[in-house]
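Following: one structure in structure tokens, then a few remarks.
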Amino acid sequence: MTQPKNAIVTGSTSGIGLGIATALAKSGMNIMLNGFGDAGQIEQIRQDLENSYGVQVLYSDADMTLSTEIEAMVAQAETAFGQIDVLVNNAGIQYVAPVDEFPTEKWDAIMAINLTSAFHTTRLVLPGMKARGWGRIINLASAHGLVASPYKSAYVAAKHGLIGFTKTVALEVAEQGVTVNAICPGYVLTPLVEKQIPDTAKARGISEEDVKRDVLLKAQPTKKFVTVEQLGDASRFLCSDAAASMTGTSLTMDGGWTAQ
Ligand code: NAD
Numbered sequence: 011m012t013q014p015k016n017a018i019v020t021g022s023t024s025g026i027g028l029g030i031a032t033a034l035a036k037s038g039m040n041i042m043l044n045g046f047g048d049a050g051q052i053e054q055i056r057q058d059l060e061n062s063y064g065v066q067v068l069y070s071d072a073d074m075t076l077s078t079e080i081e082a083m084v085a086q087a088e089t090a091f092g093q094i095d096v097l098v099n100n101a102g103i104q105y106v107a108p109v110d111e112f113p114t115e116k117w118d119a120i121m122a123i124n125l126t127s128a129f130h131t132t133r134l135v136l137p138g139m140k141a142r143g144w145g146r147i148i149n150l151a152s153a154h155g156l157v158a159s160p161y162k163s164a165y166v167a168a169k170h171g172l173i174g175f176t177k178t179v180a181l182e183v184a185e186q187g188v189t190v191n192a193i194c195p196g197y198v199l200t201p202l203v204e205k206q207i208p209d210t211a212k213a214r215g216i217s218e219e220d221v222k223r224d225v226l227l228k229a230q231p232t233k234k235f236v237t238v239e240q241l242g243d244a245s246r247f248l249c250s251d252a253a254a255s256m257t258g259t260s261l262t263m264d265g266g267w268t269a270q
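Numbers given in our numbering equal positions in the sequence shown, counted from 1, plus 10.
Right, dumping it as structure tokens:
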């Protein structure tokens, strides 16, 4: 029997990260969860994944803005699991403001969480993956890693940067059995997006349903939100042998947004 694989998924206490952690657990991987939230709810998520899929699930509250905490999280996972085979860099935040009014601390936080944390996790897990000749790194970029929208300068810059980082690392480890890919979702109805809806409705004087259809899904030709289950299945595919020749790529899952 082959050894179960072990995965770290950053920002997996909610939304897309939780969807991906669930899909990977379902495929038999042990999981290191990470992110913020209510301690009781996170413990419930951890236990539910263990009980549902018979895998080992750990949790780290490491703050992705701090390299020392990222180092501790990776060390904790390596000690418990023995090795890390799959890394999903998913933690991310958003802030919307015109660039000349953009709070500098928000810019710094977005760069740290959405971009620099992926550098730290990658540099820490890569030596083991290279030594074993197998690894999968998946970076959650965005349609905003390929195209821009106004008032999202930090997010768009970080996500474009993450795609550049993905390509570079993919080339560096191409001969060593490690693939590095980005997934670029369009809008997914997670807490990150839900938080924007009431304010947008108020600002535009329209209903929350109208915000979803006429603002959020305006650029998404399918007029449907991408689901966390679809992103989980795409991640499972990227971890499979069928995806061994896919590296350095950006897998768009944006309902046709960037085809326009
Ligand atoms: P979410 O807000 O539901 O989840 C974000 C996760 O990151 C949570 O677990 C949160 O606790 C964690 N997190 C936030 N700050 C952290 C920090 N400093 N340290 C550790 N963890 C931290 O968001 P989501 O929509 O699931 O987004 C996940 C990723 O997908 C992000 O990178 C986001 O940019 C990207 N994305 C989201 C959408 C969308 O429409 N929701 C679209 C494209 C890309």
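Glycine included, each C-beta is placed from N, C-alpha and C at the ideal position.
All values reported here derive from a predicted model rather than from experimental measurement.
Check, Outcome
"Coarse secondary structure for SER159, derived from DSSP in three states", "coil"
"Residues that VAL179 bridges to, as DSSP identifies them", "DSSP, once it has assigned bridges, lists no residue as partnering VAL179."
"Straight-line gap, ASP118 to ASN124 (C-alpha atoms, nearest Å)", "10 Å"
"Start-to-end residues for the alpha helix (DSSP H) that takes in LEU241", "238-249"
"For SER152: DSSP bridge partner residues", "In DSSP, SER152 forms no bridge with anything."
"Per-residue DSSP class, three states only, for ILE41", "strand"
"Where MET263 falls: helix, strand or coil (DSSP)", "strand"
"Contact check, THR5 vs GLY29, beta carbons under 9 Å", "Only positions 11 to 270 of the chain appear in the structure, and residue 5 is not among them; the question remains open."
"Beta-carbon proximity check, THR189 vs LEU261, cutoff 9 Å", "no"
"Distance cut-off 8 Å: LEU150 Cβ against heavy atoms of the ligand NAD", "yes"
"Between the CA atoms of ILE80 and PHE129 - distance to the nearest angstrom", "10 Å"
"Opening and closing residue of the alpha helix (DSSP H) in which ASN100 lies", "That residue, ASN100, is in no alpha helix (DSSP H); it is neither H nor E in DSSP."
"Cβ contact (3+ pairs, closer than 8 Å) linking the region 20-40 and the region 96-108", "yes"
"Check: LEU68 C-beta below 8 Å from any heavy atom of the ligand NAD", "no"
"Separation of ALA164 from THR259, as counted between CA atoms", "22 Å"
"MET74: CB within 8 Å of a non-hydrogen atom of the ligand NAD", "yes"
"One or two residues paired with THR189 in a DSSP bridge", "ARG146"
"Beta-ladder partner(s) of SER70, from DSSP", "ASN44"
"Member of THR114, GLY265, VAL67 and ASP243 whose CA lies at the smallest distance from the CA of TYR197", "GLY265"
"Any non-hydrogen atom of the ligand NAD within 8 Å of ILE94 CB", "no"
"Of the listed residues PHE46, PRO195, ALA35 and ALA85, nearest to ASP73 (C-alpha basis)", "PHE46"
"From PRO195, GLY25 and ASN16, residue whose alpha carbon lies closest to that of TRP267", "PRO195"
"C-alpha gap between LEU227 and GLY27, whole angstroms", "21 Å"
"Heavy atom of the ligand NAD within 8 Å of THR232 beta-carbon", "no"
"Nearest residue (CA-CA) to MET121, options GLY25, LEU172 and LYS140", "LEU172"
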